[in-house]
Amino acid sequence: MTISATRRTWLAVAAGAIILSMALGSRQTFGLFISPLSYDHGLPVTLVAFAIALHNLVRGFAQPLAGAMTDRHGPAPVVAVGACCYALGLAMTALAGNGLMLVLGMGVFIGAGISCTSFGVVMTAVGQSVAPERRSSAMGLVSAGGSLGQVLMLPLVQGVRASAGMSGALLMLAFLVLAVAPLGLLLGRGARPAQEASALRYSLREVVAQARRHRGYQLLTLGFFACGFQLAFIATHLPGYLELCHMPMGLAATALALIGLFNMAGSWACGWLGGRYRPQVVLGWLYLLRSTAIGLFCVAPKSPLSVGIFAAVMGLAWLGTVPLTTGLVARIFGTAHMGTLFGICFLSHQVGSFLGAWLGGWMLELTGSYSWLWGATFVVGIVAAVLHFPIDDRRASPAVAQAS
Numbered sequence: 001m002t003i004s005a006t007r008r009t010w011l012a013v014a015a016g017a018i019i020l021s022m023a024l025g026s027r028q029t030f031g032l033f034i035s036p037l038s039y040d041h042g043l044p045v046t047l048v049a050f051a052i053a054l055h056n057l058v059r060g061f062a063q064p065l066a067g068a069m070t071d072r073h074g075p076a077p078v079v080a081v082g083a084c085c086y087a088l089g090l091a092m093t094a095l096a097g098n099g100l101m102l103v104l105g106m107g108v109f110i111g112a113g114i115s116c117t118s119f120g121v122v123m124t125a126v127g128q129s130v131a132p133e134r135r136s137s138a139m140g141l142v143s144a145g146g147s148l149g150q151v152l153m154l155p156l157v158q159g160v161r162a163s164a165g166m167s168g169a170l171l172m173l174a175f176l177v178l179a180v181a182p183l184g185l186l187l188g189r190g191a192r193p194a195q196e197a198s199a200l201r202y203s204l205r206e207v208v209a210q211a212r213r214h215r216g217y218q219l220l221t222l223g224f225f226a227c228g229f230q231l232a233f234i235a236t237h238l239p240g241y242l243e244l245c246h247m248p249m250g251l252a253a254t255a256l257a258l259i260g261l262f263n264m265a266g267s268w269a270c271g272w273l274g275g276r277y278r279p280q281v282v283l284g285w286l287y288l289l290r291s292t293a294i295g296l297f298c299v300a301p302k303s304p305l306s307v308g309i310f311a312a313v314m315g316l317a318w319l320g321t322v323p324l325t326t327g328l329v330a331r332i333f334g335t336a337h338m339g340t341l342f343g344i345c346f347l348s349h350q351v352g353s354f355l356g357a358w359l360g361g362w363m364l365e366l367t368g369s370y371s372w373l374w375g376a377t378f379v380v381g382i383v384a385a386v387l388h389f390p391i392d393d394r395r396a397s398p399a400v401a402q403a404s
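Residue numbers (the working numbering): 1 to 404.
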């Protein structure tokens, strides 16, 4: 690899990490706004939870389209449009005076915006510009760097919310998200290898049909549902759960920030492991680690120490699934249509995210407790592990996977 190519690769990794930091760091703070939106604006908790859940669902359905646009036109226009939609959604949420405006802002515009500024676009762009032997590690670095936003944004939002109110904090997030719009240009600076360009002559219908028939891809897609369910439930409802447990104020923000901090190490480590061992095996153990942490947390006495340990362990397993899943898709099908194929797989993740966020609010209002949902997060992790271990990662037919 020449010095110029190496520089382009590092620029793409850095730009991808910054974009993910803003997109996912902002997303990770939404749980802190449930109570203010409910109590200050007079909106039902179930409606706020539904709006947060809806953006996960919109993001899921928009992700295959965002991935396909990235495959065809590069990441720059996709990231720019997504950042504008995301910022608009945050601004609408800040000014929401009724349920419709909240659902449109938090649910629709933010969902569409995140689909264009997160993994399906950023990982695809990085994966297509890095050599196969470095792909898993590079995507792990991007995912780890993206976690920095979660570490920094939570205390920042907590402080701004305390001084300028909920609306001020959301408008500040809108400004920061809008600032990353030009960074998509750096993601697209690497030239697409000739073999990838030639692979694009195969139609999207042919590629999707091949993926649908691949049993390993089917299992990967089903298993990714568990990741979305677990992460959305914890990110959205951990603050409310800790309030019910009479934990100190501010502990929820600290716990979510700890998740982001340890996710930096976990994502990098998972990317490194995915380059040396079969990614599906690493994924299986990752889901088992999550479920073990959830099960122990549910039965352990609640204290700042137990919450901190839980957050640290969950952080190690938080987003490590993403470089492993994208790397597995690339290993089976190549990178020419990686954005589209990961987007379809990610739709399953986001259906899980919708249910994890929405059912948490619904169950709390119905029973006054999160117990059933904690049990569900434990079970789906075990099922996901069972689904991942037998995945066949052999290369699909040459018609789909000419790109390495």
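C-beta atoms are modelled at their ideal positions from N, C-alpha and C, and glycine is treated no differently.
As summarised for the stretch 252-295, there are no continuous alpha helix (DSSP H) elements at least 4 residues long confined to that stretch. DSSP, read as helix, strand or coil, puts R212 in helix. Where A336 is concerned, there is no enclosing alpha helix (DSSP H), because DSSP gives it neither an H nor an E. Straight across, the Cα-Cα distance linking V313 with F262 is about 8 Å. Counting along the chain, the unbroken alpha helix (DSSP H) around C84 starts and ends at P75 to A94. Secondary structure note for P36: its alpha helix (DSSP H) is the uninterrupted segment I34 to Y39. The beta carbons of A357 and Y287 sit no closer together than 8 Å. Rounded to the nearest angstrom, the Cβ distance from L24 to G105 is 18 Å, too far for a contact under 8 Å. Contact annotation, F297 with S303: C-beta distance approximately 11 Å; criterion of less than 8 Å not satisfied. Annotation: the continuous alpha helix (DSSP H) that includes G381 extends over S371 to H388. The beta carbon of G381 sits closer than 8 Å to those of A226, Q230, Y287, L288, R290, S291 and I294, all from its chain and outside the five residues before and after it, given in chain order. For F119, the enclosing alpha helix (DSSP H) begins and ends at F119 to S129.
Taking one beta carbon from each stretch, the stretch 97-117 and the stretch 47-64 have 3 or more pairs nearer than 8 Å; the two touch. Within its own chain, the residues whose Cβ lies closer than 8 Å to the Cβ of L90, once the five positions on either side in sequence are excluded, are S26, G105, I110, L170, L171, L173, A174 and V177, listed in chain order.
In this structure, the beta-carbon distance from L328 to L220 falls below 8 Å. If you look at M106, you'll find it isn't in any alpha helix (DSSP H); DSSP assigns it neither H nor E. Per DSSP, reduced to three states, the secondary structure at W318 is coil, with no helix or strand assignment. Counting only the Cα atoms, G308 lies some 37 Å from P182. Per DSSP, L185 is one residue of the alpha helix (DSSP H) stretching across G184 to L187.
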